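Enquirer: Residues in the sequence shown are numbered from 3 upward in steps of one, following this note's numbering.
First the structure, which I've put down as structure tokens, then a few questions once you've had a look.
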Amino acid sequence: MATLGDIGVSAAINLLSALIFLLAFAILRLQPFNDRVYFPKWYLKGLRSSPTRSGAFVRRFVNLDFRSYLRFLNWMPEAIRMPEPELIEHAGLDSAVYLRIYLIGLKIFVPMAMLAWAILVPVNWTNNTLELAKLSNVTSSDIDKLSISNIPLGSDRFWTHIVMAYVFTFWTCYVLMKEYEKVATMRLQFLASERRRPDQFTVLVRNVPPDPDESVSELVEHFFLVNHPDHYLTHQVVYNSNKLAKLVKKKKSMQNWLDFYQIKYSRDQSQRPLIKTGFLRLWGQKVDAIDHYNSEIEKLSKEIAEEREKVETDPKSVMPAAFVSFKSRWGAAVCAQTQQSRNPTLWLTEWAPEPRDVYWQNLPIPYVSLAIRRKFIKSLIQGFLPGIALKLFLIFLPTILMIMSKFEGFTSLSSLERRSAMRYYLFNIVNVFLGSIIAGSAFEQLNSFIKQSASEIPKTIGVAIPMKATFFITYIMVDGWAGIAGEVLMLKPLIIFHLKNFFLVKTEKDREEAMDPGSLGFNTGEPRIQFYFLLGLVYATVTPALLPFIIIFFAFAYVVFRHQIINVYNQEYESGAAFWPDVHGRIIIALIISQVLLIGLLSTKHAAQSTPFLIALPVLTIWFHNFCKGRYEPAFIRYPLQEAMMKDTLERAREPNLNLKAYLQNAYMHPVFKGDDDEEDEDISEKLVTESVLVPTKRQSRRNTPVPSRISSASSPSLTEVIKEHPEP
């Protein structure tokens, strides 16, 4: 049981650690040779040049301007200074809305802390229950006197906690509703003002039915020419290029090793570098490294050419899915949000992810197998994961959950991260939060359990649960203070960059790849924030002493991550804040958990008369969630046709000669067909594109395709145009 002295020592150690990290960061970020580590985003945008290109030799590596060291904390106000509209322009809406999660924490918990310390803390402190409980071998500390545990059984003072529970619930719901409304408005404004992007005109079509007369490409073309005659533009079928992608990736790895050994040999030409050909290069025959990798690359090039030929010619490489593009956003919105055929399991349409957001490895998965895969993962999590979860380090858990999400077949990086975030959050609730409270509290009161009758044990647990707040206070200081300070230091990326820069970098492109700033990491970052919401909401009425520590976390993390988003993280995709309903829902879950736990706690405190008044809180909270879901969530899953038509009209007025087909034709081609390394890439791209142009139907019946389509490099004809050309007899 942590005492005030223990918490003070922990706070001092973690504050000192955080200050050391911040001081190290402030010094390292000023050094020219670290510039690409701490400001990679500006390099990727082409707005910053390397300071090592000019000046004296020493100045290329060390900042000799001592005045800059006096302003070592300037990065904090600089991180806050950028206005939100400029931040959205610079880093995207996803990043800006992600930062608002930290602001919600401050909006919720700062007023809560003020009320709790003004009302609940005096009510709790002015009792001697824990002093008397020590006579029964129930352990406690001075900080526990600030908690609800210090109130005697059956006391009328519990009414204060019930009233404050209502106040905290209404305040949290008010903040959530205002924020939901604000983010929904930001999303619609972002979509309305956003530059032209391929996903605005494109839908992903899954479960295309097989046809004996036509290929998938021909079938897709004719289906949309018939059913969307005035809006269909072009399409790109989905190829199973996973094997080809693996070969290309393997070749790139081999090329990196070849570059490494060539650089090594160029520095010391007295002896050719040698490697072993066995497993992990630990044993086997020694061969010339440069010759070996040249030979391997040559073999891989032949395999890649053969696999490309197979993808091009083998009908089995074409999957029953396609990216279909339309002449207008309105046409795409209608297609993405409607049922396409009588059979609701065929011709399934959804908004196409942004090209950067596509997870190409999962596109070849047959749609019918997705449900089976997700049932399997559900069984795996329920029957297998709990048994090994506590045996795994938490650092490996996000990777395992991401692998599970990939297996389920989600087709975009954003959906993969949202799915993994949901599971990581549930893991934190069950194993970290509930596991720590139930198991830890019972263990700490073991001596009391042994000497009490079975009927008295629930009372002891009721007293002990609030005392677990001291454990979470120390957890917040380690993870939320020192951990966040370590985030801004970026020690691991710093070391990796300099190792790569020393051994592998030989061109400017190599140097850009060595930077690898990474992304925001929604799948791990958001569940981490949500865990602090859970702690704050649960302990706001139980142990208010925890709230200041959480407020410090939200404030410090907001500044740090704002700096990282502005200067470091590279935006992998833009989903238009599509994750916000998940954020809102998880805060609601935390709120309901806090209410249920408070009901359970008061039931052990002989507060039978007052406890029933809390039952209405979960009911009201669920009603509020359903209200917000119906009122605001459609903005995150549908695109208003009015907005789509307005944007189309403006674009036609501004760019009347826009060649939209040329803009969209290759937007959703697999990256392995877009490479710059081989001349063959252009050839294969041209061959694959030709399959997307309009071709004559091979059907004997005109039931689904009333007329032949004509081959044209221009936009697809409308059905009325074709009927005029080919009138029915």
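For every residue, glycine included, the Cβ atom is placed at its ideal position computed from N, Cα and C.
All of these numbers come straight from a predicted model, not from anything done at the bench.
Just mark Gly632 as buried or exposed, buried being the case when its beta carbon has 16 or more other beta carbons within 10 Å.
Expert: Exposed, by the Cβ-count rule.
Enquirer: Would you identify the three-state DSSP class for Asp8, choosing helix, strand or coil?
Expert: helix
Enquirer: Using only alpha-carbon positions, find the residue among Leu593, Ala487, Asp158 that is nearest to Phe111.
Expert: For the residues Leu593, Ala487, Asp158, the minimum Cα distance to Phe111 belongs to Leu593.
Enquirer: Mind checking which residues open and close the alpha helix (DSSP H) that includes Val222?
Expert: 218 to 229
Enquirer: Taking only three categories from DSSP, how would you classify Ile22?
Expert: helix
Enquirer: Please report the distance separating the alpha-carbon of Leu260 from that of Tyr295.
Expert: Each residue's CA atom was taken as its position, placing Leu260 and Tyr295 some 6 angstroms apart.
Enquirer: Would you identify the three-state DSSP class for Phe398, choosing helix, strand or coil?
Expert: coil
Enquirer: DSSP state of Ile15, grouped into three classes?
Expert: In this structure, DSSP gives Ile15 a helical state, which the three-state scheme calls helix.
Enquirer: Can you tell me whether Ile106 is buried or exposed, with buried defined as 16 or more other CB within 10 angstroms of its CB?
Expert: buried
Enquirer: Exposed or buried, what is Met69 when buried is set at 16 or more other beta-carbons lying within 10 Å of its beta-carbon?
Expert: Looking at the sequence shown, residue 69 is not Met but Arg. Looking at its Cβ environment, which holds fewer than 16 other Cβ atoms inside 10 Å, Arg69 is exposed.
Enquirer: Could you name the residues of the same chain whose beta carbon sits closer than 8 angstroms to that of Thr692, not counting the 5 residues immediately before and after it, in chain order?
Expert: Residue confidence is low: Thr692 scores 40 on pLDDT, short of 50, so the model does not pin down where it sits. No coordinate-derived value is stated.
Enquirer: Using the Cα positions of Gln202 and Leu418, report the straight-line distance between them to the nearest angstrom.
Expert: 21 angstroms
Enquirer: Does DSSP classify Met321 as helix, strand or coil?
Expert: strand
Enquirer: Quick one: residues in its chain with C-beta nearer than 6 angstroms to the C-beta of Asn503, no 5 flanking neighbours on either side, listed in chain order?
Expert: Taking Asn503 as the centre and dropping the five residues before and after it, the same chain places the C-beta of Ala516 closer than 6 angstroms to its C-beta, in chain order.
Enquirer: Just the Cα atoms here: how many angstroms apart are Phe194 and Glu635?
Expert: Residue 194 is actually Ala in this sequence, not Phe. Answer to the nearest angstrom: the Cα atoms are 17 angstroms apart.
Enquirer: Please give the ranges of any alpha helix (DSSP H) in the region 622 to 665, keeping only runs that are unbroken, at least 4 residues long and fully inside the region.
Expert: Within the region 622 to 665, the complete alpha helix (DSSP H) runs of at least 4 residues are 636 to 639, 643 to 656.
Enquirer: Look at the alpha carbon of Val239 and the alpha carbon of Leu522, and state the distance between them as a whole number of angstroms.
Expert: 31 angstroms
Enquirer: Note down the Cα distance separating Glu352 from Val621, rounded to an integer number of angstroms.
Expert: 34 angstroms
Enquirer: State yes or no: is the C-beta of Arg198 within less than 7 angstroms of the C-beta of Ala646?
Expert: No; because the gap between Cβ atoms is not below 7 angstroms, this pair is not in contact.
Enquirer: Ignore the nearest five residues each way along the sequence and tell me which others in Asp678's own chain have a CB closer than 8 angstroms to its CB.
Expert: Low confidence applies here, because Asp678 scores a pLDDT of 47, under 50, leaving its location unreliable; read the following figure in that light. Same-chain partners within the cutoff: there are none.
Enquirer: Tell me the DSSP bridge mates of Trp353?
Expert: Val205
Enquirer: Can you look up Asp290 in the DSSP assignment and give me helix, strand or coil?
Expert: Strand, per DSSP.
Enquirer: Name the residue from Phe160, Ser327, Val177 whose alpha carbon lies nearest to the alpha carbon of Ser605.
Expert: Of Phe160, Ser327, Val177, the residue nearest in Cα terms is Phe160.
Enquirer: Let's test the definition: count the other Cβ atoms within 10 Å of the Cβ of Met116 and tell me whether it reaches 16, buried, or not, exposed.
Expert: exposed
Enquirer: With 16 as the cutoff for other CB atoms within 10 Å, does Pro673 come out buried or exposed?
Expert: Pro673 is exposed by the Cβ-count criterion.
Enquirer: May I ask you to list the residues that DSSP assigns as paired with Ile277?
Expert: Val289
Enquirer: Contact between the region 580 to 592 and the region 554 to 565 is defined here as three or more beta-carbon pairs at a separation below 8 angstroms; is this criterion met?
Expert: no
Enquirer: Which same chain residues end up closer than 7 angstroms to Val205 when comparing Cβ atoms and leaving out the 5 residues on each side of it in sequence?
Expert: Val326, Ala334, Cys337, Ala338, Thr351, Glu352, Trp353, Ala354
Enquirer: Taking DSSP as the reference, what is the three-state secondary structure of Phe505?
Expert: helix
Enquirer: Does the region 166 to 173 come close enough to the region 79 to 97 that 3 or more CB-CB pairs lie under 8 angstroms?
Expert: The region 166 to 173 and the region 79 to 97 do not touch, with fewer than three beta-carbon pairs separated by less than 8 angstroms.
Enquirer: Look at Leu599 and Val561 and say whether their C-beta atoms are less than 7 angstroms apart.
Expert: no
Enquirer: Assign Leu235 to one of three DSSP states: helix, strand, or coil.
Expert: strand
Enquirer: State whether the region 242 to 258 contacts the region 482 to 495, with contact taken as three or more CB pairs (one from each stretch) at a distance under 8 angstroms.
Expert: no
Enquirer: Taking Cβ positions, are Ile475 and Phe551 nearer each other than 7 angstroms?
Expert: yes
Enquirer: Which residue marks the beginning of the alpha helix (DSSP H) containing Gly107, and which one marks its end?
Expert: 95 to 117
Enquirer: Using the C-alpha atoms, what's the distance from Met479 back to Val11?
Expert: 11 angstroms
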